[in-house]
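Engineer: Sequence positions in the sequence shown follow our numbering and run 5 to 284. C-beta atoms are modelled at their ideal positions from N, C-alpha and C, and glycine is treated no differently. No experiment lies behind these values; they were computed from the predicted model shown.
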Amino acid sequence: MRPFKLLFRCAAVLAICSTAMGSAFADTFALVNINQQALFFNQINEGAQKAADAAGAKLVIFNANNVPSAQNDAIENYITQKVDGIILVAIDVNGVKPAITAAKAAGIPVIAIDAQIPDGDNVAFIGVDNAKAGEDIGKFYADYVKSEMGGTAKIGIVGALNSFIQNQRLDGFKKAVTDSGLDITFLDTVDGQNVQETAMSASENLMTANPDMTTLYATGEPALLGAVSAVTSQGRTGDVKVFGWDLTKQVIQGIDDGWVVAVVQQDPAGEGKAAVEALT
Numbered sequence: 005m006r007p008f009k010l011l012f013r014c015a016a017v018l019a020i021c022s023t024a025m026g027s028a029f030a031d032t033f034a035l036v037n038i039n040q041q042a043l044f045f046n047q048i049n050e051g052a053q054k055a056a057d058a059a060g061a062k063l064v065i066f067n068a069n070n071v072p073s074a075q076n077d078a079i080e081n082y083i084t085q086k087v088d089g090i091i092l093v094a095i096d097v098n099g100v101k102p103a104i105t106a107a108k109a110a111g112i113p114v115i116a117i118d119a120q121i122p123d124g125d126n127v128a129f130i131g132v133d134n135a136k137a138g139e140d141i142g143k144f145y146a147d148y149v150k151s152e153m154g155g156t157a158k159i160g161i162v163g164a165l166n167s168f169i170q171n172q173r174l175d176g177f178k179k180a181v182t183d184s185g186l187d188i189t190f191l192d193t194v195d196g197q198n199v200q201e202t203a204m205s206a207s208e209n210l211m212t213a214n215p216d217m218t219t220l221y222a223t224g225e226p227a228l229l230g231a232v233s234a235v236t237s238q239g240r241t242g243d244v245k246v247f248g249w250d251l252t253k254q255v256i257q258g259i260d261d262g263w264v265v266a267v268v269q270q271d272p273a274g275e276g277k278a279a280v281e282a283l284t
């Protein structure tokens, strides 16, 4: 049997302030998302829209197109428009905090999805513990290297260095791998910028610069898609094993073919649904 394992971590409401919510809210909510290129974020939108439709609420969706300041501006605009609740998938979890505080002062609850806001004024967080999940896949990776690769590997990283949560996933992964004590060498870390085409180019450069690379870890959907495309285009599916986050059709094909080994899969539609339901 091929040594593949899919790691599931379901969305969970980690903190919720019930006094801030209830039937007194009207029916206009705003969802401030990161981009509309990644399937993950579109699935959040879809889950939220279905829940809003079921509740008879209006949902407006803002695409920040990977620009942190655009999220701040959007929240400020929605405060002015007096929406009844804001759902936020944050890029810069610290930079967006003043806008969240302003929303709280205006009596508008903010629910964070996917990325927790450290000491933020959001009333709830819906998502996974990204650092812990990073450790989980790091432990699985180390076990795989030990059992299937003789305890030795060289790994490249494709990340999104402006993403707080993807950096958490990277840090957790590195910690688990380092703690394993195996002969695993970390090569370069490249920045896919949460854009598939950029991640593909960065992955190609990573492999060109490190022809002895045997494994690759990608911290999010665009990074993983870019990495999978690069491994395929460079004919490295026979000698580079891939680990990462978020399933797509291309990634599933890599799993079926045996060179994508492990993927952490979340429930983005469920997260969007839960956020809207928490506001209604």
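Using a Cβ-Cβ cutoff of less than 7 Å, which residues in the same chain neighbour A295 once the five nearest sequence positions on both sides are dropped?
Structural biologist: A query on residue 295 cannot be resolved here, the shown segment of the chain reaching from 5 to 284 and no further.
Engineer: Output the distance between the C-alpha atoms of A107 and V114, rounded to the nearest integer angstrom.
Structural biologist: Here the question's residue 107 lines up with position 103 in the sequence shown. Here the question's residue 114 lines up with position 110 in the sequence shown. Between A107 and V114, the C-alpha separation is close to 7 Å.
Engineer: Report the three-state DSSP secondary structure of A231 (helix, strand or coil).
Structural biologist: As a working note, residue 231 is residue 227 in the sequence shown. A231 falls in the helix class under three-state DSSP.
Engineer: Contact check, V213 vs D243 under 8 Å by CB: the rounded distance?
Structural biologist: Sequence index remark: in the sequence shown, residue 213 carries index 209 (1-based). Sequence index remark: in the sequence shown, residue 243 carries index 239 (1-based). The sequence shown places Ala at residue 213, rather than the Val named in the question. Not a contact, Cβ separation roughly 16 Å.
Engineer: Are the beta-carbon atoms belonging to V246 and V265 less than 8 Å from one another?
Structural biologist: For this step, residue 246 is matched to residue 242 along the sequence shown. For this step, residue 265 is matched to residue 261 along the sequence shown. Their beta carbons are under 8 Å apart, which means V246 touches V265 by this criterion.
Engineer: Would you say the region 250 to 261 touches the region 158 to 168, given that touching needs at least three Cβ pairs under 8 Å?
Structural biologist: Verdict: no, contact absent.
Engineer: Just curious, the beta strand (DSSP E) that N37 is in, first and last residue?
Structural biologist: Locating residue 37 in the sequence shown gives position 33, counting from the first residue. That run of the beta strand (DSSP E) goes 32 to 37.
Engineer: Smallest Cα separation from I83: which of A68, A110, I91, I48?
Structural biologist: The residue labelled residue 83 in the question sits at position 79 within the sequence shown. Considering only alpha carbons, the answer is A110.
Engineer: Between which two residues does the beta strand (DSSP E) containing K86 stretch?
Structural biologist: As a working note, residue 86 is residue 82 in the sequence shown. No beta strand (DSSP E) holds K86; DSSP gives it neither H nor E.
Engineer: Going by DSSP in three states, D147 sits in which element: helix, strand or coil?
Structural biologist: Position 143 of the sequence shown, counted from the start, is the residue given in the question as residue 147. Note: D147 maps to helix in three-state DSSP.
Engineer: So I159 is in the beta strand (DSSP E); what residue range does that whole segment cover?
Structural biologist: Here residue 159 is taken as the residue at index 155 of the sequence shown, counted from 1. Counting along the chain, the beta strand (DSSP E) containing I159 begins and ends at 156 to 163.
Engineer: Please list the terminal residues of the continuous alpha helix (DSSP H) segment that includes N49.
Structural biologist: One-based indexing of the sequence shown puts residue 49 at position 45. First-last of the alpha helix (DSSP H) with N49: 43 to 59.
Engineer: Under a Cβ-count criterion, where at least 16 other Cβ atoms within 10 Å of its own Cβ denotes burial, should Q47 be classed as buried or exposed?
Structural biologist: The residue you call residue 47 lines up with position 43 of the sequence shown. Q47 should be labelled buried.
Engineer: Three or more C-beta pairs closer than 8 Å, one from the region 196 to 212 and one from the region 139 to 147: is that the case here?
Structural biologist: Contact between the region 196 to 212 and the region 139 to 147 is absent, because fewer than three Cβ pairs lie under 8 Å.
Engineer: Please report the residue range of the beta strand (DSSP E) in which V114 lies.
Structural biologist: Numbered from its first residue, the sequence shown carries residue 114 at position 110. It spans 114 to 117 - the beta strand (DSSP E) in which V114 sits, taken as one unbroken run.
Engineer: Let's test the definition: count the other Cβ atoms within 10 Å of the Cβ of S207 and tell me whether it reaches 16, buried, or not, exposed.
Structural biologist: One-based indexing of the sequence shown puts residue 207 at position 203. By the 10 Å Cβ count, S207 comes out buried.
Engineer: Please confirm whether V181 and A146 have their CB atoms less than 8 Å apart.
Structural biologist: Numbered from 1 along the sequence shown, position 177 holds the residue referred to as residue 181. Numbered from 1 along the sequence shown, position 142 holds the residue referred to as residue 146. Against a cut-off of 8 Å, the Cβ pair of A146 and V181 comes out as a contact.
Engineer: Helix, strand or coil: which one does DSSP assign to A68?
Structural biologist: On the sequence shown, position 64 is the one that residue 68 refers to. If DSSP states are grouped into helix, strand and coil, A68 belongs with coil.
Engineer: Helix, strand or coil for A103? Go by DSSP, reduced to three states.
Structural biologist: In the sequence shown, residue 103 corresponds to position 99, counting from 1. Residue state, collapsed to three classes: helix.
Engineer: Smallest Cα separation from A61: which of D31, I90, T284?
Structural biologist: Within the sequence shown, numbered from 1, the residue matching residue 61 stands at position 57. Among D31, I90, T284, the Cα nearest to that of A61 is on D31.
Engineer: Under the three-state reduction of DSSP, which class applies to A278: helix, strand or coil?
Structural biologist: Counting from 1 along the sequence shown, the entry for residue 278 is found at position 274. A278: helix per DSSP, three-state reduction.
Engineer: Do you know how far the Cα of N67 is from the Cα of N39?
Structural biologist: Locating residue 39 in the sequence shown gives position 35, where the first residue counts as 1. Locating residue 67 in the sequence shown gives position 63, where the first residue counts as 1. Using only the alpha carbons, I get a separation of about 5 Å.
Engineer: Let me know the secondary structure DSSP gives Q269 once reduced to three states.
Structural biologist: Here residue 269 refers to the residue found at position 265 of the sequence shown. In the structure shown, Q269 sits in a strand (DSSP, three-state: E or B).
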